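Everything below concerns the one structure shown next.
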C-alpha cells in the first residue's frame, strides 16, 4: 500500500476510485464500503484510494474535544493494508483545510490531484466550508467534472454509525464479545514495553508494562483480561491488568501483561496486545498474598477459556 501524508504528495498515472472518512476502527461496517472500492479496481484500470485525516476533525474544530479513537494512525494503516487498499492519503486536518469551499475541494483535490473516476460516499455526507454542500451538490459536480458518484445506502451508513458507537461503549464497559463482534477482529493495544515497579516477579507473575504513546487511544475499562500477542512469530497468551494497582497504592493507570510460559526480555520492544475476554474488575486486596491467590485463580480462568479453542 502506498501511504501519503498529505494530499499534495499523492501522485498516480491512473484514475482513482475513492472514498473518504475517519474509518476509526476499520470495523465491519467500514469494510462494506472499502470492499466496494477494491471491487471497482479489480480490473487494474483504476486505483483504489482512501482519504482520511489526522488529527481527527473533532480534535481541531471542537476546542475541548476529548474524543478517544479505536485506532492509532499506525494501527489504521495496518488494517487498511490487509483489506487491499492501494493508496492511503492521511491529510493533516487543520482550520485552513476546513475553510475550503465545496467547489475548491472538488476541483483542486478530487479532480486535479486525485484524478477521480468515482467517489463512493454516504447519502448524508456533507463537505466544504461549514459543511454546506451535500450529496446532491456532489452529484452535480460529478456531472460537471466528469466523475461518478455512488451513494452508500442508509442501512449501511446506520451500520457504520451504530457499530462505532457500540464499539466505544462496549470497550468502556469491558464487553469484549460485543466490541470484537462489531470490529470483526480482536481489539488491540500497541505500545512499547517499559520497566515498572517489578512487583509481579516477586510473587511469581512477572509482567510486561505496556506504554502507549498516543493519548487519544481508547483504553478499555479497568480490569483483568485474557490476551494474546504475536512475538517473534510465536503466538503467546496471557492475562492483562488495566488499572491503578490499588493493593500497592498505585497512583497512575498502568497496563501490565503476564504472558504464560514465556520468559523473553521484551524491554523497549513494540508489541500489539489483542484483547480476547474480560475476567473481572480491578480489586484492592488486603495483602500481596491475597493478590497472588487471586492471580492464580485468574490464570486458571484464562487457561480454561483458552482450552475451549
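Numbering (this note's numbering), first residue to last: 791 to 1099.
We put the CB at the ideal spot given by N, CA and C, even for glycine.
Computed from a prediction, not measured in an experiment: that's the story for all the values here.
Considering only C-alpha positions, which residue in the set the options is nearest to residue i?
| i | options | result |
| --- | --- | --- |
| residue 1067 | 1087, 1030, 856 and 803 | 1030 |
| residue 949 | 866, 818, 876 and 1028 | 818 |
| residue 836 | 845, 808, 843 and 865 | 808 |
| residue 781 | 796, 792, 1035 and 997 | The requested residue 781 is not part of the displayed model; the chain covers only 791 to 1099. |
| residue 765 | 897, 1016 and 815 | Lying before the first or after the last residue shown, residue 765 is absent from the chain, which here runs from 791 to 1099. |
| residue 1023 | 1061, 861 and 1006 | 1061 |
| residue 1090 | 1071, 1028, 1038 and 982 | 1028 |
| residue 1058 | 1025, 927, 1000 and 1043 | 1000 |
| residue 908 | 869, 820 and 933 | 933 |
| residue 796 | 899, 945, 832 and 820 | 899 |
| residue 945 | 957, 981 and 914 | 914 |
| residue 858 | 1005, 975, 895 and 824 | 1005 |
| residue 984 | 1007, 1055 and 918 | 1055 |
| residue 904 | 839, 982 and 1099 | 839 |
| residue 1007 | 791, 862, 824 and 798 | 862 |
| residue 981 | 987, 974, 991 and 1003 | 1003 |
| residue 1077 | 893, 1038 and 1097 | 1038 |
| residue 889 | 910, 918, 868 and 947 | 918 |
| residue 947 | 926, 931 and 910 | 910 |
Output needed for residue i: all residues of its chain with C-beta closer than 7 Å, excluding positions within five of it in sequence on either side, in chain order.
| i | result |
| --- | --- |
| residue 963 | 1011 |
| residue 811 | 842 |
| residue 1144 | With the chain covering only 791 through 1099, there is no way to say anything about residue 1144. |
| residue 1095 | 1016 and 1067 |
| residue 1085 | 995 |
Could you name the residues of the same chain whose beta carbon sits closer than 6 Å to that of residue i, not counting the 5 residues immediately before and after it, in chain order?
| i | result |
| --- | --- |
| residue 843 | 881 and 883 |
| residue 794 | 800 and 879 |
| residue 813 | 820 and 842 |
| residue 849 | 855 |
| residue 893 | none |
What separation, rounded to the nearest whole angstrom, lies between the Cα atoms of residue i and residue j?
| i | j | result |
| --- | --- | --- |
| residue 965 | residue 1019 | 20 Å |
| residue 943 | residue 912 | 7 Å |
| residue 1063 | residue 979 | 5 Å |
| residue 834 | residue 1009 | 40 Å |
| residue 955 | residue 940 | 25 Å |
| residue 806 | residue 902 | 12 Å |
| residue 929 | residue 804 | 22 Å |
| residue 960 | residue 935 | 43 Å |
| residue 866 | residue 846 | 13 Å |
| residue 1093 | residue 921 | 51 Å |
| residue 923 | residue 887 | 15 Å |
| residue 1042 | residue 823 | 40 Å |
| residue 976 | residue 895 | 36 Å |
| residue 791 | residue 1087 | 45 Å |
| residue 931 | residue 906 | 12 Å |
| residue 916 | residue 925 | 7 Å |
| residue 991 | residue 1025 | 22 Å |
| residue 1044 | residue 1098 | 29 Å |
| residue 891 | residue 952 | 30 Å |
| residue 927 | residue 868 | 33 Å |
| residue 852 | residue 870 | 27 Å |
| residue 986 | residue 864 | 25 Å |
| residue 802 | residue 832 | 17 Å |
| residue 1021 | residue 1074 | 31 Å |
Near residue i, what residues of its chain come up, given a Cβ to Cβ distance below 8 Å and the 5 sequence neighbours on each side ignored?
| i | result |
| --- | --- |
| residue 1082 | 993, 994 and 995 |
| residue 1013 | 964, 1031, 1032, 1033, 1068, 1069, 1070, 1071 and 1072 |
| residue 1017 | 1027, 1028, 1029, 1030, 1047, 1063, 1064, 1065 and 1066 |
| residue 798 | 903 |
How about residue i: is its Cβ closer than 7 Å to a heavy atom in the ligand PLP?
| i | result |
| --- | --- |
| residue 916 | Ligands are entirely absent from the displayed structure, and the ligand PLP is therefore not among its contents. |
Mind the definition here: the stretch 1033-1044 touches the stretch 968-975 only if three or more C-beta pairs lie below 8 Å; say whether that holds.
no
Would you call the stretch 868-878 and the stretch 815-829 touching, i.e. three or more CB-CB distances under 8 Å?
yes
Contained beta strand (DSSP E) runs [length at least 3] in the stretch 981-1060, N- to C-terminal order
998-1001, 1013-1021, 1024-1033 and 1044-1049
Could you tell me whether the stretch 1042-1056 touches the stretch 1069-1083, using the rule of 3 or more Cβ pairs below 8 Å?
no
List, from N- to C-terminal side, the alpha helix (DSSP H) runs of 4 residues or more that fit wholly inside the stretch 845-932.
847-851, 863-873 and 885-888
Please give me, in chain order, every unbroken run of the alpha helix (DSSP H) with length at least 4 that falls completely inside the stretch 936-986.
944-963 and 966-973
Which ranges would you report for the beta strand (DSSP E) in the stretch 803-848 if only whole runs of at least 3 residues count?
806-810 and 837-844
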